[in-house]
Amino acid sequence: HKGQNGYCTHIGNKLFSWFQSTESKSRINFLKLLRAGHSDYCINMDAIAYMQSNKMPLYVLKPIIANLQTVLTNDMQWDDFLAQNGVVKDRHVQIAAEGALIGSIVEHGISRKLVILSDDAGQFNVLLHALCWIHAERSINKVIPFTDQAKKDLNTVRDQIWRLYKGLKQYKENPNSKDKKRLKAIFDKTFTQKTHSTTLNQALKRLYLNKAELLLVLERPDIPLHNNISENAIREYVKKRKISGSTRSELGRQCRDTFTSLKKTCRKLDVSFWQYLKDRIEEKKLIPNLADLIRQQTLNPG
1 HKGQNGYCTH IGNKLFSWFQ STESKSRINF LKLLRAGHSD YCINMDAIAY
51 MQSNKMPLYV LKPIIANLQT VLTNDMQWDD FLAQNGVVKD RHVQIAAEGA
101 LIGSIVEHGI SRKLVILSDD AGQFNVLLHA LCWIHAERSI NKVIPFTDQA
151 KKDLNTVRDQ IWRLYKGLKQ YKENPNSKDK KRLKAIFDKT FTQKTHSTTL
201 NQALKRLYLN KAELLLVLER PDIPLHNNIS ENAIREYVKK RKISGSTRSE
251 LGRQCRDTFT SLKKTCRKLD VSFWQYLKDR IEEKKLIPNL ADLIRQQTLN
301 PG
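Okay, so the sequence shown: first residue is 1 according to UniProt numbering, each after it adds one.
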């Protein structure tokens, strides 16, 4: 935008895509986007719980707790609130803002059980966080074996991971306690094994530390195992950027984000984007609101 590098965030699932380009890719930026148009900061129990889980010092937390159920309507009011209550250190300001944004998100109706599936970028580790198995396996695939035995070990591990992945896919179709226990045991055996490659052992150990996020699907079989939906969606945005170049005005940026979101969402809902635009421009309103179509397909899948 305006010749400067920026970032594009995609939020979506199999029924919709939404794009927003910004100058930041921080967690605060992501949480602001999740507010879906709202601009407030809410100090509620969800906000306090987040701050506590991120080890906010008690002396900083006390004045915030004293203002429980307070709503600050915009950034200016929030900044004034922090200053008045002595929250001035960068890390404390960050944790407080993230917590109050989560408070706002929940207050406006987004479920605490919303699953954010990502490639392990830190800004997305909020609410219930799940990791993409495709990205996880890539960290194993990047390991370079230096001996024949190490190469054999690598191929064996990759085969084990893909077998586990296949098992998780089957579990999604028929969740049950027996398979849940079995798949957890397979995960432990796969990612705690010792091979002849130190590099491979370290990669396995790193993934094992993410067990809860990689196996969240066992508790929530409704979620996908990978974020290919986002990967494919963002390509649409990149194509548009390559064709038109960077935007110069704020209105231009909003138009690019909005029309790319509409086009991709129409495609997912099997609605002609061209017919949708004509319907709205001509004010015929023969095509239902996309939000209504999303709700309808969510309640009546297939």
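Cβ coordinates follow ideal geometry from the N, Cα and C atoms, glycine included.
Note that the coordinates shown come from a computational prediction; the quantities given were computed from them, not determined experimentally.
First through last residue of the beta strand (DSSP E) which encompasses residue i
{"i": "Val71", "result": "70-72"}
{"i": "Ala130", "result": "128-131"}
{"i": "Gly12", "result": "7-12"}
{"i": "Gln20", "result": "17-22"}
{"i": "Leu117", "result": "115-118"}
Distance, residue j Cα to residue i Cα
{"i": "Arg253", "j": "Glu231", "result": "21 Å"}
{"i": "Ser261", "j": "Lys211", "result": "33 Å"}
{"i": "Ala203", "j": "Gln77", "result": "45 Å"}
{"i": "Thr258", "j": "Gln84", "result": "38 Å"}
{"i": "Glu282", "j": "Gln275", "result": "10 Å"}
{"i": "Thr247", "j": "Leu168", "result": "43 Å"}
{"i": "Ile161", "j": "Asn228", "result": "18 Å"}
{"i": "Phe81", "j": "Pro221", "result": "41 Å"}
{"i": "Ile116", "j": "Cys132", "result": "10 Å"}
{"i": "Lys240", "j": "Arg256", "result": "8 Å"}
{"i": "Asp148", "j": "Ala136", "result": "24 Å"}
{"i": "Thr265", "j": "Ala66", "result": "43 Å"}
{"i": "Ile243", "j": "His10", "result": "19 Å"}
{"i": "Gln297", "j": "Val87", "result": "45 Å"}
{"i": "Glu23", "j": "Asn5", "result": "8 Å"}
{"i": "Tyr7", "j": "Lys178", "result": "43 Å"}
{"i": "Arg267", "j": "Ala36", "result": "22 Å"}
{"i": "Lys285", "j": "Tyr59", "result": "56 Å"}
{"i": "Gln20", "j": "Asp120", "result": "20 Å"}
{"i": "Asn174", "j": "Lys180", "result": "10 Å"}
{"i": "Lys263", "j": "Asn289", "result": "14 Å"}
{"i": "Ala47", "j": "Gly103", "result": "5 Å"}
{"i": "Lys194", "j": "Leu164", "result": "18 Å"}
{"i": "Arg138", "j": "Ala130", "result": "16 Å"}
{"i": "Ser249", "j": "Val271", "result": "30 Å"}
{"i": "Gln170", "j": "Pro301", "result": "19 Å"}
Contacts around residue i, its chain only, beta-carbon distance under 8 Å, and the 5 residues preceding and following it disregarded
{"i": "Asn54", "result": "Ile95, Glu98, Gly99"}
{"i": "Leu200", "result": "Ile140, Val143, Pro145, Ala150, Asp153, Leu154, Val157"}
{"i": "Phe191", "result": "Leu204, Lys205, Leu207, Tyr208, Lys211"}
{"i": "His196", "result": "Thr147, Gln149, Ala150, Asp153"}
{"i": "Gln123", "result": "Lys25, Ser26, Arg27, Asn29, Phe30"}
{"i": "Ile223", "result": "Val115, Leu117, Ala130, Leu216, Val217"}
First and last residue of the uninterrupted alpha helix (DSSP H) at residue i
{"i": "Thr156", "result": "148-173"}
{"i": "Ile287", "result": "No alpha helix (DSSP H) contains Ile287, which DSSP labels as neither H nor E."}
{"i": "Val93", "result": "90-107"}
{"i": "Val271", "result": "Unbroken run through Val271: none, as it is neither H nor E."}
{"i": "Phe124", "result": "Where Phe124 is concerned, there is no enclosing alpha helix (DSSP H), given that its DSSP letter is neither H nor E."}
{"i": "Ala233", "result": "228-244"}
{"i": "Arg248", "result": "From DSSP, Arg248 is part of no alpha helix (DSSP H); its letter is neither H nor E."}
{"i": "Asn29", "result": "27-34"}
Within 8 Å, strictly: CB atoms of residue i and residue j
{"i": "Lys166", "j": "Val217", "result": "no"}
{"i": "Ile105", "j": "Leu34", "result": "yes"}
{"i": "Met45", "j": "Leu61", "result": "no"}
{"i": "Ser17", "j": "Ala233", "result": "yes"}
{"i": "Val126", "j": "Arg27", "result": "yes"}
{"i": "Leu68", "j": "Asp40", "result": "no"}
Same chain, Cβ closer than 7 Å to residue i, neighbours up to 5 away in sequence not counted
{"i": "Lys113", "result": "Leu128"}
{"i": "Leu215", "result": "Lys184, Phe187"}
{"i": "Thr70", "result": "Ile43"}
{"i": "Gly12", "result": "Trp18, Ile229, Ser230, Ala233"}
Contacts around residue i, its chain only, beta-carbon distance under 6 Å, and the 5 residues preceding and following it disregarded
{"i": "Ile287", "result": "Tyr276, Asp279"}
{"i": "Leu101", "result": "Leu31"}
{"i": "Glu107", "result": "Cys42"}
{"i": "Ile294", "result": "Leu15, Phe16"}
{"i": "Asn29", "result": "Thr22"}
{"i": "His226", "result": "Cys132, Trp133, Ile134"}
{"i": "Met56", "result": "Ile95"}
My parser needs the alpha helix (DSSP H) runs of 4 or more residues fully inside the region 40-78; what are they? 45-53, 58-65
Taking the runs of the alpha helix (DSSP H) that are 4 residues or longer, which of them lie wholly in the region 179-225? List check, alpha helix (DSSP H) in window: 198-208, 211-214.
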